[in-house]
Amino acid sequence: MARYNFRETETTWQKRWEDARVFEAQVDPARPKYYVLEMFPYPSGRIHMGHVRNYTLGDVVARHRRALGFNVLHPMGWDAFGLPAENAARDQKIHPAKWTYDNIANMRGELKRMGLSIDWSKELATCHPGYYAAQQKLFLDFFEAGLVHRKEAFVNWDPVDQTVLANEQVIDGKGWRSGAPVEKKKLSQWFFKITEYAEDLLAALGTLDRWPEKVRLMQDNWIGKSSGAYVRFALAGRADRVEVFTTRPDTLFGASFLALSADHPLSAELAKSNPALADFVAECQRAGTSAAVIEQLEKKGFDTGLKAKHPFLADVELPVWIANFVLVDYGTGAIFGCPAHDQRDFDFATKYGLAIRTVVSPDGDKAFKVGAEPYVGPGTIVNSGFLDGLDVEEAKKRVGEKLKADGNGESTTIWRLRDWLISRQRYWGCPIPVVHCDSCGVVPVPASELPVKLPDDVSFEKPGNPLDHHPTWKHVGCPKCGKPARRETDTCDTFVDSSWYFARFCSPRAAEPVTRTAGDYWLPVDQYVGGVEHAILHLLYSRFFMRAMTRTGHGKIDEPFAGLFTQGMVCHESYKSAEGKWLYPEEIERKADGSVVETATGRPVTVGRREVMSKSKKNVVAPARIIDEYGADTARLFMLSDSPPERDLEWSEAGVDGAYRFIQRLWRDVTEPDVPFAAKGASRPATLDPKADAALRAVHKTIAGVSENLENFRFNVAVAQIRTLANTLGELDAKGAGADWVRRFGYETLVKLVGPMVPHVAEAMWAELGHAAMLCHEPWPKADPALLVDESVTLAVQVNGKLRGTITIARDAAEQAAKDAALGVPNVQTAMAGKPPRKIVVVPNKIVNIVV
RNA sequence: GCCCCAGUGGCGAAACGGUAGACGCGGCAGACUCAAAAUCUGUUGCCCGCAAGGGCAUGUUGGUUCAAGUCCGACCUGGGGCACCA
């Protein structure tokens, strides 16, 4: 028995696809397009199982769509800038470019061995000057359109990576990459004005109906629209006023204090003349973002001694405090406290003995008083002058109007979303194309002088930005006046690179970032596939970029990704040796009694729970090894079987074995059938043996089922249906009329259906079935609607909702016929125990329920 | 604390409100073999019963319905996101 030789077959077909340039896409306005994209990888050097899953899912979509007749664009590239290359340069004395391109070469080889239907002619790497030149052009266009600005602000400084970070890149007060507690620094930096699109980015979430609800929700929260009012409080004995933001203007009559952030300008001013206050401010600042998380329970404040005048009550003055729980970044960095109707204000007021004035009553009872807890729900306003008797919502409106009329504030909307800080003090990134001139200020580099290339001769010995240390690079003449000036030494956040690569793929070698011919044809991406970890950062930035590109004439749409699928992660058990060291899965052995030991020492191993594969826990399986041992088709099939793609997948050797066996079995079924197939191209016989007829119907039902399940990303169910069909066809050993024809038709269809999943063996089987043309050119099979319904159907018969038997009757039989048949089942009669039916529910072709 | 998502055999999982457990993994029994591997066949939710059949089963608990894994309410557990956002 000839076993299927995956090694030989997989390389053969990969070469044939490549030679025939099957997957190279051309703009063709006459054909419907479909753009399939998976999130491009960072070139770390090796692909991991997460990549295998991601690219397998995308490839199934791409191959399926191609078979359906779409003009498919399915490209691949490299998110190639970033700090690891600089770390490698420092630690291993390899130039970042060499390190990166070597890694790309290796990973490209590994990806190619997966047999993906990728148009490699469109490959790009963001570190290539051809790519970043185009990015610099976009920067200049955005700059001109007023979407880029430089401003001094408190920024997040990562002391380990020696660079600033965007708000989105600070997680729990730590740098997303280094994990080091982030420090606040006041620096002059470059920003993209993403906030200009806040309203639009939020509103348009509603149009993204092919995005997961979860991701839309996360973006909604991140953008953080908040309606309320500004209130300006006059200060006793001072000319300036303190502006606060509140979402509860209706509770203004319940205000009992003002609180400023330690970083508020007024706090800084007061600190100059008050050492105790200065100490408190310093303490708050020291606590920083990270420590604040730990100490968040403890609210602390300092009474400045200043008094603020209540805007509506001439005789009321409120103490002004500095409080550690007030954020400088949100709203105005100052609040008014209404302890009766806010938990934090309540805690603070309780601690410092400040007044608690009830102004909202849940039931309208004027005598209602807040007790041990604040009341934050809806209700009727009380003790509030002109607001008394109004409900909360109406009161908010009235306060806004009154504030405005008096010049003391107004209703407003604020956002949590900040402008996107893109400056990074690193070498391995896209240089920001501007020059600083003492006479002319900030001068953009003329487009004709792009790209501003990174210098090759850099040193990574000193900490800090290598571009800044470079002896000559930054010295340049001012493009405007020609006098000596300095290049900007900041480079772009690498998230900038990945915010538009999907557009660059449309015309990857064009002089402009994307040609309108290609971009307008291919964009938006019809199906984007990737991990949910990019739900905010990458996806939000890309949505901004697409808008900015459209505004600057580089496109015509706002939303870059029409469909988004977020896949689950790949998990594995972890293993710890007796010494407490992590072990790789191949370093352990499972004994017959189920115990697990370390192969090298024979000593017992602690088996940890299954969790996301990570290098640090060594619970990883290298895709290259699996492809060597089992082949790419097996790895792909395993990724698709069993677990729904959106859920986490547990890696298991047994599962891989199962996938491998199925491929071997299909090969045998097709190449060495027990009973022969009809000749290729034979026409369908007029009559079919009943078994053959049933099998033919099963084939058509499978076409319908697999097609629908592929559309809906239910690949695991599609695989199950294909296996079921394989079982059905395997059992069709009838020699009756037409059976040989059904066998050929069945297996040819089966091969087409598995094509997107296991493309190599499918091509090989297609050739074995006598076809000279490649399977990847075959159209997707169509189900015959007439064969999707059976002539007779089996109905469940229930008595009082309990199953007591089944009946088989003609499809769409009359209701009475179904009732009669059901009542005729002996077991049904027994269950009825002689009682007459009170009611008989008949659902045609489904069920009969007899109620007694 | 707030907001999502998920709980179904030994395991991964299926199931337009209509025969729960498709498909697979694992197990058990058998065939082939000197033997093993590979392959093939049968069997496999739990309990009672020789059998026919019956009872119990989709995290817990109420409800809606002729009928609930599926819809609604409360709760428990696990995972994820946000979090002093005024």
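Using the numbering used here, the first residue of the first sequence is number 2, and each one after it goes up by one. Glycine is no exception: its CB is placed at the ideal position from the N, C-alpha and C atoms.
Return the residue from the list the options that minimises the CA-CA distance to residue i.
i      : options                           : result
Lys123 : Pro375, Glu630, Phe41 and Gln137  : Phe41
Arg854 : Pro160, Gly531, Pro467 and Phe71  : For residue 854 there is no data in the structure shown, the boundaries of the chain being 2 and 853.
Gly46  : Pro97, Gly70, Asp60 and Glu39     : Pro97
Ile810 : Gly825, Val613, Val800 and Thr381 : Gly825
Pro786 : Pro837, Ala699, Ala819 and Cys777 : Ala699
Ala335 : Trp429, Phe746, Glu244 and Ile382 : Glu244
Ala368 : Arg626, Met614, Val383 and Arg552 : Val383
Ala623 : Met108, Lys94, Pro76 and Pro33    : Met108
Phe746 : Lys34, Gly569, Asn710 and His701  : His701
Arg151 : Leu422, Glu462 and Gly229         : Leu422
Ala126 : Leu754, Asp498 and Gly835         : Asp498
Gly603 : Met614, Cys572, Glu580 and Asn620 : Glu580
Lys557 : Val571, Tyr522, Val533 and Glu673 : Tyr522
Pro456 : Leu565, Trp474, Val790 and Arg242 : Trp474
Asp120 : Arg17, Phe7 and Val23             : Val23
Glu200 : Trp212, Trp223 and Pro182         : Trp223
Phe234 : Phe193, Arg648 and Leu314         : Leu314
Nearest-angstrom Cα distance between residue i and residue j?
i      : j      : result
Met833 : Ala797 : 16 Å
Thr12  : Ser543 : 36 Å
Asp392 : Leu218 : 29 Å
Leu38  : Thr413 : 40 Å
Gly378 : Phe387 : 21 Å
Val446 : Ala512 : 17 Å
Phe496 : Leu84  : 12 Å
Ser291 : Ile589 : Low confidence applies here, because Ser291 scores a pLDDT of 43, under 50, leaving its location unreliable and the question unanswered by this model.
Asp629 : Trp652 : 17 Å
Cys493 : Lys186 : 19 Å
Val718 : Gln170 : 37 Å
Gly739 : Asp690 : 6 Å
Gln190 : Trp177 : 19 Å
Phe663 : Val608 : 30 Å
Trp767 : His761 : 10 Å
Gln15  : Phe143 : 42 Å
Tyr661 : Gly465 : 51 Å
Leu776 : Thr208 : 37 Å
Glu9   : Phe82  : 36 Å
Val321 : Glu284 : 18 Å
Leu117 : Ala21  : 15 Å
Lys463 : His471 : 11 Å
Val657 : Ala721 : 15 Å
Asn846 : Leu697 : 21 Å
Tyr376 : Val361 : 8 Å
Val282 : Ala263 : 5 Å
Please check the pair residue i and residue j, which I expect to be a contact at CB under 8 Å, by giving their CB distance rounded to whole angstroms.
i      : j      : result
Lys352 : Asn325 : Actually they are not in contact, since the Cβ atoms of Lys352 and Asn325 sit about 12 Å apart, beyond 8 Å.
Arg358 : Gly442 : Going by Cβ atoms, the distance from Arg358 to Gly442 rounds to 52 Å, so no, they are not a contact pair.
Phe546 : Ser500 : 4 Å
Asn801 : Val852 : 6 Å
Ala680 : Glu111 : Rounded, the Cβ-Cβ distance is 42 Å, inconsistent with contact.
Met550 : Arg637 : 35 Å between Cβ atoms; not a contact.
Leu139 : Pro514 : 5 Å
Just curious, the alpha helix (DSSP H) that residue i is in, first and last residue?
i      : result
His476 : First-last for His476: His476 to Gly478, but that is the beta strand (DSSP E), not the alpha helix (DSSP H).
Trp18  : Phe7 to Asp20
Trp523 : Arg517 to Trp523
Glu769 : Pro760 to Glu769
Thr729 : Phe716 to Glu732
Gln27  : Here Gln27 belongs to no alpha helix (DSSP H), and DSSP marks it neither H nor E.
Which residue comes first and which comes last in the beta strand (DSSP E) that contains residue i?
i      : result
Asn275 : First-last for Asn275: undefined, no H or E at that position.
Glu244 : Arg242 to Thr247
Pro485 : Pro485 to Arg488
Glu39  : Lys34 to Glu39
Ala230 : Lys226 to Leu236
Inside the stretch 400 to 447 only - alpha helix (DSSP H) runs reaching at least 4 residues: none
Complete runs of the alpha helix (DSSP H) confined to the stretch 323 to 381 [at least 4 residues]: 344 to 353
Segments assigned alpha helix (DSSP H), at least 4 residues, entirely inside the stretch 625 to 693: 633 to 641 and 654 to 672
Beta strand (DSSP E) runs contained entirely in the stretch 94 to 181, provided each spans 3 or more residues: 149 to 159 and 164 to 166
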